[in-house]
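Everything on this sheet refers to the single structure shown next.
Number of protein chains: 2
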Amino acid sequence: MPHRNFRILQGYLVQLVHALMSRAVTLKDVARTAGVSVSTVARVIHKNGYVAPETRKQVEAALEQTGYRINVLARGLRKQRSYVIGHILKATFPNLFYVQVSLGVEQCAREKDYGILAYNIQGDPERERLGVEMFIRRRVDAIIFTTPTELSNLQLALDAGIPVVQVERPVTADMNRLVVDNYTGAVAAMEHLIGLGHQRIAFIGQDPASEANPHVRYVEEQRLGAYLETLTAHGLPVDRDLIAFGRHYFLDVRRYSGDGRRLADHLLEVTPPPNRHFRHRRPVGGGRAAIHPRAGAARARRHFGRRL
Amino acid sequence: MPHRNFRILQGYLVQLVHALMSRAVTLKDVARTAGVSVSTVARVIHKNGYVAPETRKQVEAALEQTGYRINVLARGLRKQRSYVIGHILKATFPNLFYVQVSLGVEQCAREKDYGILAYNIQGDPERERLGVEMFIRRRVDAIIFTTPTELSNLQLALDAGIPVVQVERPVTADMNRLVVDNYTGAVAAMEHLIGLGHQRIAFIGQDPASEANPHVRYVEEQRLGAYLETLTAHGLPVDRDLIAFGRHYFLDVRRYSGDGRRLADHLLEVTPPPNRHFRHRRPVGGGRAAIHPRAGAARARRHFGRRL
DNA sequence: TTGTATGCGTTATCAA
DNA sequence: TTGATAACGCATACAA
């Protein structure tokens, strides 16, 4: 289709000419059109120092007329800040948790006029290192690890003078970290359900007693503890048949860089069938008591012992 | 927990001191330790111009010793390039299509040592404009719109001399665009299924004849056309009962900025139940013939007319 | 109240 | 074969 190819070529050329012809407006340009010096323009823009009212008028008119936009790179070079935060993500696909976190990070940064440079490592520690290296070259002002993989990579950033924060699954307690409070969250979920009048509530999760990963074990202990504690606090019975343990979800994201088919295969392979039916049970009257995470975790252990 | 708070405070302080004490190594530092000028170091780094072998040795040693890392911002100021591409996304959550695109964009950019600055607009044209403005201030080298919302925002970027590309759902034919070839994709899917021996294949999609959005209509026409064409090419019968029209998925992402509950409500509300049963049908012998998109779309129209 | 001059870290030109 | 220097666009200390 020669006509179509021509249009495409034309599109490229138009943009190329645009890009080559146009030079971004600088402070100097504004100063020239306003008939003042660059520092006067700077004073107007930053609203510091004294500027005569009429001079200000002229400068503002010139700013309007030229369509000046600050060059963040140049400002960054001068102020020794890039106004960029690096975000290293363990995986976005297919886990929407990471997507939600990156959305939140981006929105929050935007309010402070910061940009987010995302770097997806697909679970690969070596890529994580490469990401840190790139961020150092770009002089990012901070690095967020969601979630961190190797301590050495955190240290690498720190040695370059870049502050870091670990989001979930911290690999060290010696650096900033932000973790989900699973206990409070699970209590809130339970309170919500009980508040709606439900009394036969099931728990689906991994078995803390047989979980090797310490982080996962901790998380599951908190959740299960909250579940048991809240039930008891409301005078509801604990029914072992309503607790389904099992690895319901697991993915090694390194194996799935955009390959949807292998992903689907693997999901089918590792997801076990439901391991028991939830039997119907007569509801029991409510109640309310103080609930504490420590007590909840302890109760989880007492209730099920080391082995289930 | 005073002990825990102390550790957190300590973490902050350690990082603060790190950040304040450390100054990034510059070319000048390397030059000083190597006992040469900055331009000699630059020549070694960029492998252009002539450098005496021993001088090179010294410089390389100094580079190693100091741990020099180029300052991309400074280079960008000088070379009038930011080595950053802006990526405006209509939505990432809950649509994994956008996530996949942004992953691909990022990987590809990385190979060319480019960074990706993502800007999520949640379907809001005004945010799209703000995104373009931010990208102009940061002097990004190009902007990708996945997917574009307003033509004026594309024009805004172009006027600032920044090349743009529209990914799917182009709002104009006059600027670069990259679109999915739905016809070829659907043919491939059909060939795959037929190749596996399947002969009773259903089509689920929207009705092109009653679709108001021109883009969606075009997409559905291509897909349905490919479906019909491929069936016929293989000598398989077209069974109207195997074609299910209906709006199976729709989301106005502006309404769901992280509110999972309302999202779930809406999904349940707009997703209709399956509109017919797929009846069993006897398979019919195969065959193979040439297939063309235009013919496919025409066949779709002939087969079902304006109204179905 | 305004302007001049310097430096941020690079690249590139030109002279030595 | 190497070094001095200007320029990129901005912020700021200081001079006028």
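Protein chains in written order, with this note's numbering: chain U, 1 to 308; chain S, 1001 to 1308.
Even glycine gets a Cβ: it sits at the ideal position worked out from N, Cα and C.
These numbers were taken from a predicted model, which means no experiment stands behind them.
Would you report the Cα separation of residue i and residue j, rounded to the nearest angstrom?
{"i": "N1005 of chain S", "j": "G1067 of chain S", "result": "35 Å"}
{"i": "Q1015 of chain S", "j": "M1021 of chain S", "result": "10 Å"}
{"i": "G131 of chain U", "j": "L242 of chain U", "result": "44 Å"}
{"i": "R1276 of chain S", "j": "V1238 of chain S", "result": "Below a pLDDT of 50, predicted positions are generally treated as unreliable, and R1276 of chain S, at 30, falls in that range; the measurement from the model is reported next regardless. Computed Cα separation, rounded: 16 Å."}
{"i": "T33 of chain U", "j": "H87 of chain U", "result": "41 Å"}
{"i": "R1075 of chain S", "j": "Q1122 of chain S", "result": "34 Å"}
{"i": "V1059 of chain S", "j": "R137 of chain U", "result": "19 Å"}
{"i": "G115 of chain U", "j": "A109 of chain U", "result": "6 Å"}
{"i": "I1143 of chain S", "j": "V1165 of chain S", "result": "7 Å"}
{"i": "L77 of chain U", "j": "P53 of chain U", "result": "31 Å"}
{"i": "R127 of chain U", "j": "L1063 of chain S", "result": "23 Å"}
{"i": "G11 of chain U", "j": "F203 of chain U", "result": "58 Å"}
{"i": "R7 of chain U", "j": "N213 of chain U", "result": "57 Å"}
{"i": "D113 of chain U", "j": "R139 of chain U", "result": "16 Å"}
{"i": "K47 of chain U", "j": "Q65 of chain U", "result": "19 Å"}
{"i": "H192 of chain U", "j": "F1245 of chain S", "result": "38 Å"}
{"i": "V17 of chain U", "j": "I45 of chain U", "result": "31 Å"}
{"i": "D1259 of chain S", "j": "L1103 of chain S", "result": "With a pLDDT of 42 at D1259 of chain S, under the threshold of 50, the modelled position of this residue cannot be trusted; read the value that follows with caution. D1259 of chain S and L1103 of chain S: Cα-Cα distance of roughly 24 Å."}
{"i": "R129 of chain U", "j": "L1013 of chain S", "result": "24 Å"}
{"i": "L27 of chain U", "j": "R1069 of chain S", "result": "30 Å"}
{"i": "D1029 of chain S", "j": "E1111 of chain S", "result": "29 Å"}
{"i": "A1209 of chain S", "j": "D1181 of chain S", "result": "20 Å"}
{"i": "N71 of chain U", "j": "M1190 of chain S", "result": "52 Å"}
{"i": "K1079 of chain S", "j": "P1163 of chain S", "result": "17 Å"}
{"i": "I1201 of chain S", "j": "V1179 of chain S", "result": "26 Å"}
{"i": "P1125 of chain S", "j": "A61 of chain U", "result": "28 Å"}
{"i": "R1023 of chain S", "j": "D207 of chain U", "result": "48 Å"}
{"i": "F97 of chain U", "j": "E1229 of chain S", "result": "41 Å"}
{"i": "R1316 of chain S", "j": "R240 of chain U", "result": "The structure shown does not extend to residue 1316 of chain S, since chain S is modelled only from 1001 through 1308, so no value can be given for it."}
One question on the structure: do residue i and residue j come within less than 7 Å of each other, judged by their Cβ atoms?
{"i": "L89 of chain U", "j": "T146 of chain U", "result": "yes"}
{"i": "L196 of chain U", "j": "T172 of chain U", "result": "no"}
{"i": "M1175 of chain S", "j": "L1154 of chain S", "result": "yes"}
{"i": "R1177 of chain S", "j": "G1205 of chain S", "result": "no"}
{"i": "V99 of chain U", "j": "T1149 of chain S", "result": "no"}
{"i": "G1161 of chain S", "j": "A157 of chain U", "result": "no"}
{"i": "E1106 of chain S", "j": "N120 of chain U", "result": "yes"}
{"i": "L1073 of chain S", "j": "L73 of chain U", "result": "yes"}
So, at 7 Å on beta carbons, what are the nonlocal neighbours of residue i in its own chain, with the 5 sequence-adjacent residues on each side left out?
{"i": "S1037 of chain S", "result": "A1031"}
{"i": "H198 of chain U", "result": "none"}
{"i": "E211 of chain U", "result": "R217, E220"}
Can you find the residues in the same chain that come closer than 6 Å, C-beta to C-beta, to residue i, ignoring five residues on each side of it along the sequence?
{"i": "H1215 of chain S", "result": "R1169"}
{"i": "G1049 of chain S", "result": "R1043"}
{"i": "R81 of chain U", "result": "D141"}
{"i": "A226 of chain U", "result": "Y183, A186, V187, G296"}
{"i": "G35 of chain U", "result": "none"}
{"i": "L9 of chain U", "result": "none"}
{"i": "R56 of chain U", "result": "V44"}
Can you round the beta-carbon distance between residue i and residue j to whole angstroms, since I take them to be within the 8 Å contact cut?
{"i": "D1141 of chain S", "j": "V1084 of chain S", "result": "7 Å"}
{"i": "T40 of chain U", "j": "V51 of chain U", "result": "6 Å"}
{"i": "V1101 of chain S", "j": "V1167 of chain S", "result": "6 Å"}
Tell me residue i's beta-bridge partners as DSSP assigns them.
{"i": "Q1166 of chain S", "result": "S:F1145, S:R1177"}
{"i": "L117 of chain U", "result": "U:G86, S:L1117"}
{"i": "G205 of chain U", "result": "U:F245"}
Measuring from the CB of residue i, is there a heavy atom of the ligand ATP at a distance below 6 Å?
{"i": "Q15 of chain U", "result": "The model on display carries no ligand, and the ligand ATP is accordingly not part of it."}
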